[in-house]
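*Asks:* If you scroll down you'll find the structure; I have some questions about it.
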Amino acid sequence: MTDTTDDIAEEISFQSFDDDCKLLGSLLNDVLQREVGQKFMEKVERNRVLAQSACNMRMAGIEDTAELLDKQLASEISKMTLEEALTLARAFSHYLNLMGIAETHHRVRKARNINHLSKSCDDIFNKLIQGGVPPEELYNTVCKQEVEIVLTAHPTQINRRTLQYKHIRIAHLLEFNDRPDLSHEDREMLIEDLVREITSIWQTDELRRHKPTPVDEARAGLHIVEQSLWKAVPHYLRRVSTALKKHTGRSLPLTATPLKFGSWMGGDRDGNPNVTAKVTRDVSLLSRWMAIDLYTREVENLRFELSMSRCNAKMERLAHEILLKETASEDEHHESWNQQLNRNHPKHYTQQTSALPTQLPAGADLPSCTECNDGESKYPILQFPGTDHMAHNHQDVQSSSSVSSFQDSAEISRKIFENGNASSTNSLPPINLHSAAGGSSSAPSTPRSFMSSQLVAQRKLLTDSQMGKSSFEKLLEPSLPQRPGIAPYRIVLGNVKDKLLKTRRRLELLLEDLPCDHDTLDYYETSEQLLEPLLLCYESLQSCGSGILADGRLADLIRRVATFGMILMKLDLRQESGRHAEALDAITTYLDIGVYSEWDEERKLEFLTRELKGKRPLVPPTIEVVADVKEVLDTFRVAAELGSDSLGAYVISMASNASDVLAVELLQKDARLSVSGEIGRPCPGGTLRVVPLFETVKDLREAGSVIRKLLSIDWYREHIIKNHNGHQEVMVGYSDSGKDAGRFTAAWELYKAQEDVVAACNEFGIKVTLFHGRGGSIGRGGGPTYLAIQSQPPGSVMGTLRSTEQGEMVQAKFGLPQTAVRQLEIYTTAVLLATLRPPLPPREEKWRNVMEEISNISRDHYRSTVYDNPDFISYFNEATPQAELGFLNIGSRPARRKASTAIDHLRAIPWVFAWTQTRFVLPAWLGVGAGLKGACEKGYKEDLQAMYKEWPFFQSTIDLIEMVLGKADIPIAKHYDEMLVSESRRGLGAQLRNDLLTTEKCVLVVSGHEKLSENNRSLRRLIESRLPYLNPINMLQVEILRRLRCDDDNHKLRDALLITINGIAAGMRNTG
1168 MTDTTDDIAE EISFQSFDDD CKLLGSLLND VLQREVGQKF MEKVERNRVL
1218 AQSACNMRMA GIEDTAELLD KQLASEISKM TLEEALTLAR AFSHYLNLMG
1268 IAETHHRVRK ARNINHLSKS CDDIFNKLIQ GGVPPEELYN TVCKQEVEIV
1318 LTAHPTQINR RTLQYKHIRI AHLLEFNDRP DLSHEDREML IEDLVREITS
1368 IWQTDELRRH KPTPVDEARA GLHIVEQSLW KAVPHYLRRV STALKKHTGR
1418 SLPLTATPLK FGSWMGGDRD GNPNVTAKVT RDVSLLSRWM AIDLYTREVE
1468 NLRFELSMSR CNAKMERLAH EILLKETASE DEHHESWNQQ LNRNHPKHYT
1518 QQTSALPTQL PAGADLPSCT ECNDGESKYP ILQFPGTDHM AHNHQDVQSS
1568 SSVSSFQDSA EISRKIFENG NASSTNSLPP INLHSAAGGS SSAPSTPRSF
1618 MSSQLVAQRK LLTDSQMGKS SFEKLLEPSL PQRPGIAPYR IVLGNVKDKL
1668 LKTRRRLELL LEDLPCDHDT LDYYETSEQL LEPLLLCYES LQSCGSGILA
1718 DGRLADLIRR VATFGMILMK LDLRQESGRH AEALDAITTY LDIGVYSEWD
1768 EERKLEFLTR ELKGKRPLVP PTIEVVADVK EVLDTFRVAA ELGSDSLGAY
1818 VISMASNASD VLAVELLQKD ARLSVSGEIG RPCPGGTLRV VPLFETVKDL
1868 REAGSVIRKL LSIDWYREHI IKNHNGHQEV MVGYSDSGKD AGRFTAAWEL
1918 YKAQEDVVAA CNEFGIKVTL FHGRGGSIGR GGGPTYLAIQ SQPPGSVMGT
1968 LRSTEQGEMV QAKFGLPQTA VRQLEIYTTA VLLATLRPPL PPREEKWRNV
2018 MEEISNISRD HYRSTVYDNP DFISYFNEAT PQAELGFLNI GSRPARRKAS
2068 TAIDHLRAIP WVFAWTQTRF VLPAWLGVGA GLKGACEKGY KEDLQAMYKE
2118 WPFFQSTIDL IEMVLGKADI PIAKHYDEML VSESRRGLGA QLRNDLLTTE
2168 KCVLVVSGHE KLSENNRSLR RLIESRLPYL NPINMLQVEI LRRLRCDDDN
2218 HKLRDALLIT INGIAAGMRN TG
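Sequential numbering from 1168 applies to the sequence shown in my numbering.
What follows is the structure in structure tokens.
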């Protein structure tokens, strides 16, 4: 019941949760007794008791005693040595992480044990039918729904993936512990396993010692797919299908995809110079490689399951055709080898292998999280092929769990993906006969007497590799005459597997930048090609009365292919609008037609439209440009090479004009013309959707006008209708708008911008999809998914939605299959409700006027504090660990867009992160109290209370602010000020604390609650349970910051500070 939860107003039973917390806390205590000794543990317990006592006094209203206890705790901490402070920070930090694991497990347990789960498909479908929605309309709406969850690499996931893995193991053990049939011995063994995991966690370094590369971040995203979403998606779709069948009488079509996934990891280059065109290409190919590898495993499992011989005529014909082709191919290779031997010219095998790589493909590496893989993990990890498999053209890998054949992959791949970039090895030594047969490449020459037998062995190897079957596989299958009548499904699926292996091989060659001239019939390019034989198997089973088999593993695989496609998550590209203008400046200057950026908007549109209508490339092949411009042009070239089969949208950040969109369309068109001319055929896939991102308040206010201007241009409107099915996508940003004007004003401007964009598209008969750039914390537009979607303007969610999930929210929502299924279901039902039963608009125009009044007062108050007060920046740097956050190494991009200390250039994540650490959470509430107070003073109190009860958007906004106020802690924030802020600026801190108190009072007046989080007592209870561990870490952070600012080169002090940052993030359950 934190920022990650969607059950904002639901009550839970705490008994089992408390039991899990006590168990994990007791085991951690036992581990620490051994690791740090009894004497220090007494000190740890004393600090905990002091913090607990202060919390109890404060909750009882005895503030004076609470302050005395706080001062005593601070005094104890100030006397600690550096080593003691480090150990205390680690102990409390790990306890908070264990509490978080118990909390997540408790939600999973609760969802599993409740018969009628709210917001589930069954629940919402039933409510809609009961509310008068015709079953046919419900069925069609669900089948046509298009929701896309876009995972981003925003640097807010603070835990190393090593620790994330260990936390997942503990969650699995807690789940096992719930089993009622465990014997006494089993339970004792389980406790031992928990102790081992906790000991391993304690002995593991919590801190990242190096910044992740963009490729590392992309691997983390792919890991989420393999670890959780791969299992969750079929389960989620079964739930949707079962509920549809129950309430409409029809199941969800097998290839329907109400929900898909996208990614920014490796494509988001806005302000991140580490994301290059090469990185984007490599990440895209790596994602395809992993998709093929996952499909290969599933097909192999399916072959063993579908052993039956009964099939329809179409299936039988296909199996027979495959067998005939294989027989003809075998005969051809036999004849080829006989000719080679007769000429005594044994080059055939060498020629077959010389073009193959002697090292693994770029990114052929275990995901970064496998640093925790000690060889005994029960949880499968993606294995990449070893070099011995590369030497055999298409020799089968029988099982992804055959670790021995992959033992060298990690070492080799480090050379390939060092610093996140694939090696540029273009010339590799040919693989000689010894290495091909598994011998040493440096072995002495073989005696002539052995040559003939060796060639026979090589001939066999080549035949097997080219057939894609090992000898062991052949032993499992009957002889040719019997096969069609025995296992047609195995024959067809065997052919599918062979093509998957060849597809994987092709991707490895592409990643190595090696020649790749496979016949297009030998590999899969599109998901439709892979679906064709799978659907044939499904139809055959259904027609033969084996529907129960068809609807098992086979149906799950078909649904995975439909959802994940050939790339798992299509990669969006994002770049700032100014970079495109710089590229066009270089081009127009080279062509001697002026400087593009100096033209007015009308001249830009005239030039861009004219060039877009033309059929010749604009950029001369001889043009020489600076590195930044070249990188932009290279990105468009890669986009042309990969196409819309691999890439999703091209997002333009800081978009403000129609010309920003047309500039990208022109650069994209030019690159596709150039690439198409070079390869002699059309570029793969279609053009990318170009999506303007409106972020600042000014740009949000102009969003509707920009879209109207775009759609009024004949070329653009026809382009949207022809190439994008009459669909315009628009992205709205929550983070920068919040930092620009405060959370309340940002929420209102976002609401109005969405209304205006929807109206603009409706005027031109164009459908619109809104893409929500939401952060994890409430200060950056985060909060419960269901609440957020249900509070959108009417008509803005018409069966389509895109939304980002960032940083720690990705792991919190999708890290476990059980929680992922729940989140996917909530996305589906929330969008369905918003489509069929849109949220109510403001009841009267007066309410909109009241919102404008609150927004104006709120924005003025916010900006006068943050931007106009000359002391604020210095106060911010002194009162928070903002300057020290850069040492965390949690993201590949810089914390600032430009080399400036101004708030304008600080990214929204460190801005929110820093205030979350001090428990002041200022970005989420500053200005809100002033706005609500001003409205009340003007006589709008009753209107505000009516708005809260009747207007979903306003109620959601107030509820989220109330939720975050429940996490704010004035005594802790005051302690930061007293210990760290210059005396001349402490008055500003006192003023801000008064603002917080004003905000609390005004929010309670509007909501009608007596105290914060009254409508979510579970959240309040969970927050209170963390305070005895969280408060000491905050006080410890203050003490460490005080020492570090006098000794800023002390690396041990820096480590201690970073551990406190980790601990506070764990306690607050979010970062930025």
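Every residue gets a Cβ at the ideal spot worked out from N, C-alpha and C, and that includes glycine. Quantities reported herein were computed from a predicted structural model and do not represent experimental measurements.
Do you know offhand how far Ala-1529's Cα is from Thr-1254's?
*Replies:* With a pLDDT of only 38 at Ala-1529, under 50, the local geometry of the prediction cannot be trusted, and the value read off the model is given with reservation. Spanning the two alpha carbons is a distance of roughly 40 Å.
*Asks:* With C-beta atoms as the reference, is Arg-1941 less than 8 Å away from Ser-1970?
*Replies:* yes
*Asks:* Can you name the residues that DSSP bridges to Met-1898?
*Replies:* Leu-1860 and Phe-1938
*Asks:* Under 8 Å, do Phe-1938 and Val-1864 count as touching if we go by C-beta distance?
*Replies:* no
*Asks:* For chain D, check one thing: does any of its Cβ atoms lie closer than 8 Å to the Cβ of Ser-1813?
*Replies:* Absence of chain D from the displayed structure is noted, only one protein chain being present.
*Asks:* Once DSSP output is grouped into helix, strand and coil, what is the label at Tyr-1817?
*Replies:* strand
*Asks:* Return helix, strand or coil for Ile-2226, following the three-state DSSP convention.
*Replies:* helix
*Asks:* Does Ser-1430 come out as helix, strand or coil in the three-state DSSP assignment?
*Replies:* strand
*Asks:* Determine the contact status of Pro-2077 and Ile-2228, defining contact as a CB-CB distance below 8 Å.
*Replies:* no
*Asks:* At the level of alpha carbons, what is the spacing between Glu-1585 and Gly-2156?
*Replies:* No answer about Glu-1585 holds up, because its pLDDT of 39 lies below 50 and its placement is not dependable.
*Asks:* What do you reckon, are the CB atoms on Tyr-1817 and Leu-1855 nearer than 8 Å?
*Replies:* Yes.
*Asks:* What residue from Lys-2013, Gly-1905, Asn-1929 and Asn-2036 has the CA that sits closest to Thr-2124's CA?
*Replies:* Gly-1905
*Asks:* Below 6 Å CB to CB, which residues in the same chain sit around Glu-2020 once its five sequence neighbours on both sides are set aside?
*Replies:* These residues qualify, in order along the chain: Ala-2102.
*Asks:* Beta-carbon within less than 7 Å of Gly-2230's beta-carbon, same chain only, minus the 5 sequence neighbours each way: which residues are those?
*Replies:* Ala-1256, Phe-1259, Ser-1260, Leu-1263 and Ile-2200
*Asks:* Contact check, Lys-1481 vs Ser-1707 under 8 Å by CB: the rounded distance?
*Replies:* 7 Å
*Asks:* As a quick exercise: from Leu-1676, Arg-1673, Leu-1681 and Val-1663, pick the residue whose alpha carbon is nearest that of Pro-1700.
*Replies:* Val-1663
*Asks:* Let me make sure I understand the geometry here. Which of Pro-1849, Arg-1464, Ile-2024 and Gln-1312 has the alpha-carbon closest to that of Tyr-1994?
*Replies:* Gln-1312
*Asks:* Is the number of C-beta pairs between the region 2093-2100 and the region 2015-2034 that are closer than 8 Å three or more?
*Replies:* yes
*Asks:* How about Leu-1867 and Leu-1829: are their beta carbons less than 8 Å apart?
*Replies:* no
*Asks:* Cα separation between Ile-1933 and Leu-1389?
*Replies:* 34 Å
*Asks:* Can you tell me whether His-1996 is buried or exposed, with buried defined as 16 or more other CB within 10 angstroms of its CB?
*Replies:* Checking the sequence, you will find Thr at residue 1996 rather than His. Counting Cβ neighbours within 10 Å, Thr-1996 comes out buried, since at least 16 surround it.
*Asks:* Looking at the structure shown, is Asp-1684 part of a helix, part of a strand, or coil, going by DSSP?
*Replies:* DSSP places Asp-1684 in coil when its eight states are reduced to three.
*Asks:* Can you check the region 1778-1858 for any alpha helix (DSSP H) of at least 4 residues that lies completely inside it and give the ranges in chain order?
*Replies:* 1794-1809 and 1825-1846
*Asks:* Does the contact criterion of 3 or more C-beta pairs under 8 Å hold for the region 1949-1956 versus the region 2101-2115?
*Replies:* Segments in contact, no.
*Asks:* So what does DSSP say about Glu-2150, is it helix, strand or coil?
*Replies:* helix
*Asks:* At what residues does the alpha helix (DSSP H) containing Leu-1194 begin and finish?
*Replies:* 1182-1203
*Asks:* Out of Thr-1687, Arg-1484 and Cys-2213, state which residue places its alpha-carbon closest to the alpha-carbon of Cys-1704.
*Replies:* Arg-1484
*Asks:* Taking the CB atoms as reference points, tell me whether His-1273 and Phe-1207 lie closer together than 8 Å.
*Replies:* no
*Asks:* Would you give the residue range spanned by the alpha helix (DSSP H) that Lys-2100 belongs to?
*Replies:* 2095-2104
*Asks:* Buried or exposed: which applies to Thr-1494, given that a residue is buried once 16 or more other Cβ atoms fall within 10 Å of its Cβ?
*Replies:* exposed
*Asks:* Verify whether the separation of the beta carbon atoms of Ala-1987 and Leu-1419 is less than 8 Å.
*Replies:* Cβ atoms of Ala-1987 and Leu-1419: not closer than 8 Å.
*Asks:* From what residue to what residue does the alpha helix (DSSP H) around Arg-1673 run?
*Replies:* Here the alpha helix (DSSP H) through Arg-1673 covers 1655-1678.
*Asks:* Please list the terminal residues of the continuous alpha helix (DSSP H) segment that includes Val-1275.
*Replies:* Counted as a single uninterrupted DSSP element, the alpha helix (DSSP H) harbouring Val-1275 occupies residues 1249-1280.
*Asks:* For a test of the three-state rule: what should DSSP assign to Leu-1968, helix, strand or coil?
*Replies:* strand
*Asks:* Does the structure place the region 1887-1902 close enough to the region 1911-1928 that three or more beta carbon pairs sit under 8 Å?
*Replies:* The region 1911-1928, when compared against the region 1887-1902, does touch it at the 8 Å Cβ threshold.
*Asks:* Given a cut-off of 8 Å, decide if Leu-1411 and Tyr-1306 are closer than it, judged by their beta-carbon atoms.
*Replies:* The answer is yes: Cβ separation under 8 Å.
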